[in-house]
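Oh and the sequence shown: position 649 is 649 in my numbering, straight run, nothing missing.
Quick reminder that beta carbons are idealized off the backbone N, C-alpha and C, glycines included.
Computed from a prediction, not measured in an experiment: that's the story for all the values here.
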Amino acid sequence: MRDILNPRILGVRLSMLLHLYRVRLRSHLAQELLAGSGIAVGVALVFGVLITNTSLTGSAGALIHQVVGSARLELAARSPAGFEERLAEAAGRLPGVTASAAVLRENVSVIGPKGREPVQMLGVTGGIIELGSLATKNFGAGGFRFTGGLILPASLAGAIGVEPGARITLLAAGAAHRVKVGAVLSGSTFGALASSPVAITLLPVAQRLAGRPGRVTQVLVEPRPGAGRLVEAELRQLAAGRLDVAPADNELRLLNEAVKPNSQSTELFSAISVMVGFLLALSAMLLTVPERRRFVADLRMQGYERRQVLLLLGFQAIALGVVASLAGLVLGDALSKAFFHRVPTYLATAFPIGTQQVVHAKTALVAFACGVLATALASLIPILDLRGRRAVDAVFRESGGRGEIVSRRATVSLGLAGAASIVVVSALVLLAPAMTIVGGVVLALTTLCLMPAMFAAVARALPWLGERVRSSSLLVAVSELRATSMRSVVLAGIAGLAVYGSIAIGGARGDLTRGIDRAIKQYFGTAELWVAPAGDIFNANGFRADRTAAKIAGVSGVASVRSYQGSLLDVGARRLWIRARPPGDRTMIEPSQLVHGDLTQTTRLLRHEGWAAISSGFADERHLRVGDSFSLPTPSGAVRLGVAAITTNSGWPPGTITINSDDYRRYWQTSDPSALEVDLAGGVSVAAGRRAVQAALGDRSGLSVLTRGERVAEAQASAHQGLETLQEISTLLLIAAALAVASALSAAVWQRRARLASLKIQGYDSGQLWRALLLESSITIVIGCAVGAAVGIFGHALAGRWLKLTTGFPAPFAVAPAQVVLTLALVTGIALAVIALPGLAAARVSARLSLQE
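The following block contains the structure:
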């Protein structure tokens, strides 16, 4: 090995080896392109999926650090109503404070010529410049100046179609306002801020627009060096148990917890996709192994030494792996921008998340290493022919041009290994659900292990079929498939991996979608009409009701009006969804989301003071069971609540707490509703009732009146958007693998031109050979798809169970036959459509080619 790496030997042999590689490229360019394209597809899949996992929190982290600047601590409200501005002023006067800035945050919507977008309005004071936050090196002298209008990021301004000086409609706290756009922030100057859903204005302007005069929701504080603990203690004393004191970037910690279930589920499917992408690249290289082995034998027969052959194989592997992997990184970056760049609306309503794509060097390195490693591993197989006792021309005596035959012993061993791995994975995942990610990766390998056994079973049945069906094309296909070749196994393996990953990912996504859709229908099923601020899918933005409820109650045809309240509350590392239902609602929780507890008993308890239904993640974190009690921080101080039931997270990842609205008014010290539930009198149609309620609201266009069905559709659309990444991963995996199968089949068919030429000498015409190629390819793909589908359904079941136990999402398992059939049809259809023309060209080969081989 030292000789191989000796610089003198490398220098002497380099020109000769480069010449040999150029000769190989000229004679086998199609094979190298095949292997390279397969590796590039695998690397692109790996890279695109990995970028998805890092960009969401990466862009939010950049924005949050821009906002807080040099601040190290924050005093934060526990409700959207905020706290008195005088407390912010008192915080700024504390002895250990160097600088401070009061902020009012309010979820609003902005409407321009091109549409409406939900954003978070930030009302700030001049102190924000002292903290160096909001990229304030570009504000003030020589830059932007706060003029009383709104400062919008360039991405938001472009989305709604406005420029500086234009007027837009801003919906806040149930009212509509016309506001001027004071400035637009460009990405080149303001970084993450220019691509984030925020709107910045002066604090007094924000207070007026939000209907919260003299109120703020946050104070950012920079302590003097060494005075951090002193200032924290002073802030806690000022908070008096009614406000939160936390690190200034606490929002990032809350976001990380909020996206954890989503990240965990995406991580599981990303792991599957990464493994599938790696195996796709490896499989593409394996298809070239028979020819590479013959190339090695040729070199040995010409007198080349083992170390020279090793050096050449290593150089080929590195050159091909590096070039193909670089191409894969470029393709993966394009895929991530085309498919994975959208921010889920449900997260954007709770956190200021931008659309900026974040690519870490480590992410690119992992994807690049996958491609190079796959190339290197596949290149090791020809090295086995360099063993000392092996004849240099042994490869030419094995199996002719049909590829390397997988021995019966290897077929049985791999089949037993595949069956054993399924048993081991099942036991492992049942005992330790956290090992599901590892189990998903092992199942991808299991798909490959089972492939030779399935081929052997089909190969035994094909002769029986060939004897009973008179078809020359079938006879050729049977002849080619009667033995299990490495080429066929690899081709079927690529298809099987694609189907496995797609069904496992798509099936689990389907479970999530059904569970969340059912929860949404039950959640909004308590009223026929819902009146709420536009775009508030969580019913978490309070508004000044004034006499709105009384106006609606006086409308002819309205039977009752109930005030629903709710908000988001930071508890520890969780931003919980607090849902306060009126005691008169038909149901207090969604029946399908009940995990522990009795529905009748839970409903009775929740209608009384001091009880709550909590989600399973929050319960597990605090080791709570039904009947226990826990302390909950509220704007009026810590309160003690009993656990009436434990539920799923109802689609909000950090979890939910459900109480009655009487307790909410008492503990949150507000009567502002976040929605009004309207029931209609008998005989009044929903459409007529809606028109009447809308007329009663008059020009108060900040509130929307939606029917139960419309409200459900709006919430479901938001939830489905959050699951789009999983669907995109599944679809991309399927398309990429189908194309990989097609390119691999095309190259494999082209490699067999000599064999096809010999069949022409036996009397077969081009049409018969072309149909035989398509039939053989179809059988190969169907075998791979069948194994992939079976293992994919099993992986789907394991993933669904893991989602329920680990993330708290409602995900009832159900096999979707239509999805399975569609997946199989898509892979088979794409592959056959792509290979049709190369197959026809190969079938037209001249019979003379067989005499030249």
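Could you pull the DSSP bridge partners for residue i from this structure?
i, result
"residue 564", "675"
"residue 152", "184"
"residue 118", "109"
"residue 881", "The structure shown does not extend to residue 881, since the chain is modelled only from 1 through 853, so no value can be given for it."
"residue 530", "677, 706"
"residue 574", "571"
"residue 123", "104, 201"
"residue 246", "74"
"residue 558", "680"
"residue 99", "222"
Where residue i and residue j are concerned, what is the direct C-alpha to C-alpha distance, given to the nearest angstrom?
i, j, result
"residue 253", "residue 573", "6 Å"
"residue 411", "residue 323", "34 Å"
"residue 731", "residue 234", "54 Å"
"residue 160", "residue 218", "28 Å"
"residue 433", "residue 705", "44 Å"
"residue 313", "residue 449", "27 Å"
"residue 489", "residue 828", "16 Å"
"residue 97", "residue 625", "43 Å"
"residue 425", "residue 442", "8 Å"
"residue 632", "residue 364", "43 Å"
"residue 36", "residue 50", "21 Å"
"residue 648", "residue 601", "18 Å"
"residue 117", "residue 73", "31 Å"
"residue 198", "residue 156", "8 Å"
"residue 580", "residue 607", "11 Å"
"residue 658", "residue 497", "43 Å"
"residue 800", "residue 604", "32 Å"
"residue 531", "residue 366", "49 Å"
"residue 294", "residue 300", "10 Å"
"residue 815", "residue 438", "22 Å"
"residue 223", "residue 555", "56 Å"
"residue 413", "residue 258", "45 Å"
"residue 296", "residue 325", "25 Å"
"residue 328", "residue 47", "8 Å"
With residue i and residue j assumed to form a contact (beta carbons below 8 Å), what rounded beta-carbon distance in angstroms separates them?
i, j, result
"residue 238", "residue 104", "Contact doesn't hold; Cβ gap of about 18 Å is too wide."
"residue 557", "residue 698", "Actually they do not touch by this definition, with Cβ atoms about 18 Å apart."
"residue 458", "residue 793", "Not a contact, Cβ separation roughly 20 Å."
"residue 512", "residue 803", "7 Å"
"residue 644", "residue 687", "Their Cβ separation, rounded to whole angstroms, is 37 Å, which puts residue 644 and residue 687 out of contact at 8 Å."
"residue 770", "residue 843", "4 Å"
Within the same chain, show all residues whose beta-carbon is closer than 7 Å to that of residue i, passing over the 5 residues directly before and after it, in chain order.
i, result
"residue 236", "245"
"residue 125", "101, 102, 203"
"residue 112", "160, 161, 162, 168"
"residue 527", "677, 678, 679, 708"
"residue 142", "Any reading at residue 142 must be qualified, since the residue scores a pLDDT of 42, below 50, and its modelled position is unreliable; the value itself is stated next. Excluding residues within five positions, none has a Cβ falling inside 7 Å."
"residue 123", "103, 104, 201, 202, 203, 205, 206, 207"
"residue 783", "454, 455, 458, 492"
"residue 839", "749, 770, 773, 774"
"residue 745", "491, 777, 831, 835"
"residue 321", "39, 371, 372, 375, 376"
Note down, in chain order, each residue of its chain lying with its Cβ closer than 6 Å to the Cβ of residue i, except the 5 sequence neighbours on either side.
i, result
"residue 551", "696"
"residue 180", "149, 167"
"residue 667", "634, 636, 639"
"residue 76", "218, 244"
"residue 184", "152, 154, 157, 164"
"residue 841", "none"
"residue 763", "none"
Report all residues from its chain with a CB closer than 8 Å to the CB of residue i; omit the five preceding and five following residues, and keep chain order.
i, result
"residue 522", "587, 590, 591, 592, 593"
"residue 298", "none"
"residue 538", "346, 349, 350, 566, 568, 577, 652"
"residue 854", "Residue 854 lies beyond the range of the chain shown here (1 to 853); nothing can be said about it."
Does residue i come within less than 7 Å of chain D when only Cβ atoms are used?
i, result
"residue 309", "Annotation note: the requested chain D is absent from the structure, which comprises a single protein chain."
For this session: At 4 residues or longer, and completely inside the region 155-228: list those alpha helix (DSSP H) runs for me, N to C.
Result: You should have 187-190, 203-210.
For this session: May I have a chain-ordered list of the beta strand (DSSP E) segments no shorter than 3 residues that lie completely inside the region 66-90?
Result: With a minimum length of 3 residues, the continuous beta strand (DSSP E) runs that stay inside the region 66-90 are 73-76.
For this session: Tell me the start and end of each unbroken beta strand (DSSP E) in the region 583-663 that is at least 3 residues and wholly inside, in chain order.
Result: Within the region 583-663, the complete beta strand (DSSP E) runs of at least 3 residues are 594-596, 611-615, 629-634, 637-647, 656-660.
Exercise. Considering only residues of the region 758-824, which uninterrupted alpha helix (DSSP H) runs meet the minimum length of 4 residues and lie entirely inside it, listed in chain order?
Worked result: Qualifying alpha helix (DSSP H) stretches, in chain order: 766-802.
Exercise. What residue ranges within the region 487-521 form continuous alpha helix (DSSP H) runs of no fewer than 4 residues, ordered along the chain?
Worked result: Within the region 487-521, no alpha helix (DSSP H) run of at least 4 residues lies entirely inside it.
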